[in-house]
Structure formats: C-alpha cells, structure tokens
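J.: Residue numbers (the numbering used here): 402 to 554.
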Ligand SMILES: [Zn+2]
C-alpha cells in the first residue's frame, strides 16, 4: 500500500463518519425494509433490531467526493472495484444483482457489529483502524462477518 492510511486516519475519521452518517440517513429514507425471510437471516446473525434495517439497491457503491477519503477507500479495497455491499449503521447498499443470502448475511453481521458499538461514530474508528493496521481481509470485524455468512435462508 503506497498510501499510509494509519498516519492519515486521524484526519480521515471525522470525514468518514460524516459521509457514513449522511449515506445511512439516505438509505433510511430510500431503502426497503426486509421481508420475513431476510428478517430471519438478520436475526440469525445476531441483529437485535432487524426491523430497522433498510436495503438500497444501487448500480455501484457511492464514492466519497472528498479526494483523500475517496483515495483511502479505494486504496484499502473498501470501495474498490469488486465490492458489492456496504453497511452503514442500519443502512445497507447492495449492488443490483448481488443481493444473495450470502452477501446480505455478511452485511447484516456488520449491522450487528454497529449495534454492539452503539453508533456509526463509535464503530468506524475501530473498523478503519483494523483495516489500516492488518488490512481489509485480515481485519477481525471482516473475519467475523465472513464467519457468519449464510448460504441458505
Ligand atoms: Zn464486510
């Protein structure tokens, strides 16, 4: 990685929180609530309030306008090509055609993680610090989400 994310984190975290909160609110307004099958999937990965989850289908995940934030998101692979889901609090972005049980169970486990952390502002610094130190694939929160992926409802 040519970009020193760890050094940049203190400046990036407030911008990342602001961006994530704005998108979470947008999904809250525009997204769809879960049907019974997906409510059960969310419950099965530990989500306390699956009725609050909203899913917004998009053609591609949104990128931050802020250049530093955008470079960091792409550089770490968080919003790079090939990423088809993103969870921001109770808001889940899913790229059209990728709304499988496997992807949604993974994203719902991130919802559980946000619930444990209590807020976007509490979750993101921990998550981004993990990614800055051990990388996306090896971050404990991603390992936990992968471990809770379901292949069937
Ligand atoms: Zn994940």
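We put the beta carbon where it would ideally sit given N, CA and C, even for glycine.
What's the call for residue 534, buried or exposed, on a 16-neighbour Cβ count within 10 Å?
T.: Along the chain shown, one-based indexing puts residue 534 at 133. Exposed, because fewer than 16 other Cβ atoms sit within 10 Å of the Cβ of residue 534.
J.: Pull up the distance between the alpha-carbon of residue 489 and that of residue 522, whole angstroms please.
T.: Working through the chain shown from its first residue, we reach residue 489 at position 88. Working through the chain shown from its first residue, we reach residue 522 at position 121. Cα to Cα, residue 489 sits roughly 10 Å from residue 522.
J.: Run through the segment 491-523 for me and flag every whole alpha helix (DSSP H) of 4 or more residues, listed as ranges in chain order.
T.: Taking only runs of at least 4 residues, the alpha helix (DSSP H) segments lying wholly in the segment 491-523 are 502-518.
J.: Exposed or buried, which one is residue 514 when buried takes at least 16 other CB atoms within 10 Å?
T.: Here residue 514 refers to the residue found at position 113 of the chain shown. The residue is buried, with at least 16 neighbouring Cβ atoms inside 10 Å.
J.: Verify the contact flag: residue 507, CB atom, against every heavy atom of ligand 1, threshold strictly below 7 Å.
T.: Position 106 of the chain shown, counted from the first residue, corresponds to residue 507. Yes - ligand 1 has a heavy atom lying nearer than 7 Å to the Cβ of residue 507.
J.: Please name the residue or residues paired with residue 462 in a DSSP beta bridge.
T.: Indexing the chain shown from 1 puts residue 462 at position 61. For residue 462, which the question treats as bridged, DSSP gives no partner whatsoever.
J.: Taking the straight line between their C-alpha atoms, what separation do you get for residue 407 and residue 530?
T.: Numbered from its first residue, the chain shown carries residue 407 at position 6. Numbered from its first residue, the chain shown carries residue 530 at position 129. Distance between the alpha carbons of residue 407 and residue 530 is about 7 Å.
J.: Give the DSSP bridge partners of residue 487, in chain order.
T.: Start at 1 with the first residue of the chain shown, and residue 487 comes out as number 86. In the DSSP output, where bridge partners are listed per residue, residue 487 has 494.
J.: Report the partner residues of residue 457 according to the DSSP bridge assignment.
T.: Within the chain shown, the letter at position 56 stands for residue 457. Residue 457 is bridged to 494.
J.: Would DSSP call residue 538 helix, strand or coil?
T.: For the purposes of this step, residue 538 is identified with residue 137 of the chain shown, where counting begins at 1. DSSP places residue 538 in coil when its eight states are reduced to three.
J.: CB residue 532 to CB residue 540, shorter than 8 Å?
T.: In the chain shown, residue 532 corresponds to position 131, counting from 1. In the chain shown, residue 540 corresponds to position 139, counting from 1. The answer is yes: Cβ separation under 8 Å.
J.: Going by DSSP, what residues sit across from residue 531 in a beta bridge?
T.: Along the chain shown, read from residue 1 onward, the residue named residue 531 stands at position 130. Answer is none; residue 531 lacks a bridge partner.
J.: So what does residue 433 bridge to, in DSSP terms?
T.: In the chain shown, counting from the first residue as 1, residue 433 sits at position 32. Answer is 456, bridged to residue 433.
J.: What's the gap between the Cα of residue 498 and the Cα of residue 462?
T.: Position 97 of the chain shown, counted from the start, is the residue given in the question as residue 498. Position 61 of the chain shown, counted from the start, is the residue given in the question as residue 462. Approximately 13 Å, taken between the alpha carbons.
J.: By the DSSP assignment, the alpha helix (DSSP H) with residue 563 in it spans what residues?
T.: The first residue shown for the chain is 402 and the last is 554, placing residue 563 beyond what the model contains.
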